[in-house]
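Here the sequence shown is numbered in our numbering, starting from 1211 and rising by one per residue. Built from N, CA and C at the ideal position, the CB exists for glycine as well. Comments concern the structure below.
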Amino acid sequence: MPSGSYIDGAWFTPASERRIANVNPADTRDVIDEFPAATAADLERAVQGAVAAQRGWAATPAPARGRVLARAVEVARRRKEEIARTMTREQGKVLREARGEVDKGIAVLEFYAGEGFRMGGRTLPCELPDVFTYTIRRPLGVVGLITPWNFPWAIPVWKTAPALVAGNAVIIKPAELTPATCGLMVEVFEEAGLPPGVLQMLVGPGREVGSALVDHAAVRAISFTGSNQIGINLYSQAARRGAKVTCEMGGKNAVIVLADADVDAVAAAVINGAFGSTGQRCTATSRLLVHQDVAGALTEAVVEGARRLKVGPGLDEASQMGPAVDEKQLRQDLSYIDIGKQEGARLLTGGGRPAGLDHGFFVEPTVFGDVRPGSRLFQEEVFGPVLAVTTIKDLDEGIRLANAVEFGLTSSLFSRDVRACMRFVEEVETGMVHVNEATVGGEAQLPFGGMKSTGVGEREMGEEGLRFFTEQKTVFINSSGGAARAFIR
Ligand code: ADP
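What follows is the structure in structure tokens.
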């Protein structure tokens, strides 16, 4: 297993007093790794190496850069089980989800491998005779990626793949809780033939190494996924020096259910959306806005489904929901459960820690009914397996309540009425909009991101994800033999 930080094609041990312990959240007696944290001095060395390596990488034809990604697809396929098991062990998600996440990252690599052949621009007519005008896209240089722990493989891949195929050198700082999975991504690219220095990885504290990355004058863009609290400060910090930024942050995603929906299908989607990945997805379903005519039946089905979920260590194939990622997240989940009770919401199932799993950060799948729209449980992101149910009387109220939060990542409507579906798509204030399916999911070729407080900057994945990591040049070639006459100077 890769350990520590990686600069210029080699793993190294930073000279730091501060140590990072990588612990299995399902059983804290299982210490996966322990190593010294990278420092701001290591970052400086990583930037210098990346600046030097980037020149050769940018000069490599884009289709050849794409082929490195294509080889990474093969390597990742071969090492899928190792990546999935490492991810489950350090992050906690169940193996089925970890394997699915590896596949998602592989699809992203496949998509961006092909983009190497499409790094084109546009030709457009010029207003003047004998002047040829067109655009080209070029890499930015060195870019910084700061990633969270909830998708320790997919998020690093979906930022790194477009950055690399565009010809940038990458410095990635993964979350301290999940360095090994990101380390495996580095190994995959190394095995695929990426030249040393083009991908550097530093495992260190966000406020030291992350912040120094955001401030570094040679780092032309920052792509961040994480909490609003960190993201908004980071955005202004990077903007002060004119760096390009994209931030993907929190969500408080609603499913609206109208009276004509199929209760069993909705219940299955809500259980997946609310409790999948232990609720630790920015796209998790955290609010259920259900029409009064089906509220009773649907709530019962969801509560029943939540009770049946087998909570346990992700490495056990029988487990359906793993632990919270660490003690801090567990405390946050339990504190929102207290807040829900204090606010007068009705606890329908869960609300505590499951018996017999004392060595891990486990929490029960939890459902609250009668959640008031103004309450904290309705408004704030929990990032745990806690679902808030609120009854609505019609679509108008559903859309109004879905929009009555600061976040705008994803949403879903369940109905067979096409007019209701079309209105929902227009009026809901989220970047991702689902009809008759769970709030979760993103695909390599489709732009991913949110509105309002959820996101700033370019969307990720798809063409947009590649565009973010490029600079555009508009070119004028004058072949008239004299200076072209410009009307505006
Ligand atoms: P999460 O807990 O969901 O991972 P955070 O926003 O706390 O969300 O962290 C996301 C990433 O941002 C992590 O890699 C973290 O180390 C990094 N980070 C934290 N603080 C800072 C900071 N001040 N500057 C830059 N990066 C930071």
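Could you tell me how far apart the beta carbons of residue i and residue j are, in whole angstroms, since I believe they sit closer than 8 Å?
{"i": "E1458", "j": "L1676", "result": "In fact, because the Cβ distance is near 16 Å, the residues do not count as touching under 8 Å."}
{"i": "M1671", "j": "F1658", "result": "5 Å"}
{"i": "T1600", "j": "R1497", "result": "7 Å"}
{"i": "S1622", "j": "A1648", "result": "6 Å"}
{"i": "Q1301", "j": "W1368", "result": "At roughly 17 Å, the Cβ-Cβ gap does not stay under 8 Å, so Q1301 and W1368 are not in contact."}
{"i": "V1380", "j": "A1286", "result": "Wrong, their Cβ atoms sit about 17 Å apart, outside the cutoff."}
{"i": "K1662", "j": "G1618", "result": "4 Å"}
{"i": "A1247", "j": "G1414", "result": "4 Å"}
{"i": "R1430", "j": "V1500", "result": "Going by Cβ atoms, the distance from R1430 to V1500 rounds to 47 Å, so no, they are not a contact pair."}
{"i": "N1613", "j": "V1581", "result": "The Cβ separation is near 16 Å, so there is no contact."}
{"i": "K1303", "j": "G1524", "result": "5 Å"}
{"i": "L1305", "j": "A1282", "result": "Incorrect: roughly 22 Å between the Cβ atoms, too far for contact."}
{"i": "L1350", "j": "E1674", "result": "So it is not a contact: roughly 15 Å between Cβ atoms."}
{"i": "A1419", "j": "L1279", "result": "Correcting the residue identity first, residue 1419 is Val in this sequence and not Ala. Actually they do not touch by this definition, with Cβ atoms about 26 Å apart."}
{"i": "P1595", "j": "T1488", "result": "5 Å"}
With respect to the alpha helix (DSSP H) encompassing residue i, which residues constitute its N-terminal and C-terminal limits?
{"i": "F1678", "result": "G1672 to F1678"}
{"i": "D1313", "result": "L1305 to E1325"}
{"i": "C1457", "result": "No alpha helix (DSSP H) holds C1457; the beta strand (DSSP E) holding it covers K1454 to E1458."}
{"i": "L1605", "result": "L1605 to A1612"}
{"i": "G1579", "result": "Counting along the chain, G1579 falls outside any alpha helix (DSSP H), though it belongs to the beta strand (DSSP E) covering T1576 to G1579."}
{"i": "E1400", "result": "P1389 to E1401"}
{"i": "E1537", "result": "E1537 to Q1552"}
{"i": "V1465", "result": "Taken as a continuous stretch (DSSP letters only), V1465 belongs to no alpha helix (DSSP H), being part of the beta strand (DSSP E) at N1463 to V1467."}
{"i": "D1252", "result": "A1250 to A1269"}
{"i": "S1421", "result": "S1421 to D1425"}
{"i": "A1709", "result": "Only positions 1211 to 1699 of the chain appear in this structure, which leaves residue 1709 out of reach."}
{"i": "F1634", "result": "V1628 to E1637"}
{"i": "T1296", "result": "K1290 to Q1301"}
{"i": "L1444", "result": "N1438 to A1449"}
{"i": "R1700", "result": "What is shown of the chain runs 1211 to 1699, which leaves residue 1700 out entirely."}
Since residue i is in the beta strand (DSSP E), which residue starts that stretch and which ends it?
{"i": "M1642", "result": "M1642 to V1645"}
{"i": "W1221", "result": "A1220 to F1222"}
{"i": "F1361", "result": "First-last for F1361: undefined, no H or E at that position."}
{"i": "G1532", "result": "Counting along the chain, G1532 falls outside any beta strand (DSSP E), and DSSP gives it neither H nor E."}
{"i": "Q1410", "result": "L1409 to M1411"}
{"i": "N1232", "result": "R1229 to V1233"}
{"i": "S1215", "result": "S1215 to I1217"}
{"i": "D1240", "result": "It is not in any beta strand (DSSP E) - D1240 carries neither H nor E in the DSSP assignment."}
{"i": "L1404", "result": "Neither: L1404 is in no beta strand (DSSP E) and is coded neither H nor E."}
{"i": "G1354", "result": "V1352 to I1356"}
{"i": "S1663", "result": "Counting along the chain, S1663 falls outside any beta strand (DSSP E), and DSSP gives it neither H nor E."}
{"i": "T1495", "result": "T1495 to H1501"}
{"i": "T1559", "result": "R1556 to T1559"}
{"i": "A1247", "result": "Segment: none, A1247 is in no beta strand (DSSP E) and carries neither H nor E."}
With 16 other CB atoms within 10 Å as the buried threshold, where does residue i fall?
{"i": "P1339", "result": "exposed"}
{"i": "G1266", "result": "exposed"}
{"i": "M1632", "result": "exposed"}
{"i": "T1388", "result": "buried"}
{"i": "D1604", "result": "exposed"}
{"i": "E1400", "result": "buried"}
{"i": "K1520", "result": "exposed"}
{"i": "P1372", "result": "buried"}
{"i": "G1441", "result": "buried"}
{"i": "S1690", "result": "exposed"}
{"i": "G1330", "result": "exposed"}
{"i": "F1686", "result": "exposed"}
{"i": "P1224", "result": "buried"}
{"i": "V1476", "result": "buried"}
{"i": "Q1439", "result": "exposed"}
{"i": "E1591", "result": "buried"}
{"i": "E1291", "result": "exposed"}
{"i": "D1472", "result": "exposed"}
{"i": "E1307", "result": "buried"}
{"i": "T1495", "result": "buried"}
{"i": "N1378", "result": "buried"}
{"i": "D1543", "result": "buried"}
{"i": "S1446", "result": "exposed"}
{"i": "S1625", "result": "buried"}
{"i": "Q1264", "result": "buried"}
{"i": "R1347", "result": "buried"}
Kindly indicate if chain D contains any beta-carbon less than 7 Å away from that of residue i.
{"i": "A1469", "result": "In the structure shown, chain D cannot be found, because there is only a single protein chain."}
Review point. Can you find at least 3 beta carbon pairs, one from the region 1401–1419 and one from the region 1259–1266, that sit closer than 8 Å?
Key: In this structure the region 1401–1419 lies against the region 1259–1266, because at least three pairs of beta carbons, one per stretch, are closer than 8 Å.
Check your understanding: Quick one: any contact between the region 1567–1581 and the region 1526–1533, if contact means 3 or more CB pairs under 8 Å?
Key -> Contact between the region 1567–1581 and the region 1526–1533 is present, because at least three Cβ pairs lie under 8 Å.
Check your understanding: So does the region 1303–1321 actually touch the region 1358–1365, counting three or more Cβ pairs closer than 8 Å?
Key -> The answer is yes - the region 1358–1365 touches the region 1303–1321, with three or more Cβ pairs under 8 Å.
Exercise for review: Determine, using beta-carbon pairs with one atom in the region 1223–1235 and one in the region 1337–1351, whether at least three such pairs fall under 8 Å.
Suggested key: No, the region 1223–1235 is not in contact with the region 1337–1351.
Review point. Counting pairs of Cβ atoms below 8 Å between the region 1232–1250 and the region 1271–1289, do you hit three or more?
Key: The region 1232–1250 is not in contact with the region 1271–1289.
Practice item. Would you check if the region 1503–1518 and the region 1478–1488 touch, i.e. whether three or more CB-CB distances between them fall below 8 Å? Key: For the pair of segments examined, the region 1478–1488 was found to touch the region 1503–1518: the number of CB pairs separated by less than 8 Å reaches three.
Practice item. Answer yes if the region 1249–1256 comes into contact with the region 1212–1221, meaning at least three C-beta pairs across the two stretches below 8 Å, and no otherwise. Key: In this structure the region 1212–1221 touches the region 1249–1256; the number of beta carbon pairs closer than 8 Å is three or more.
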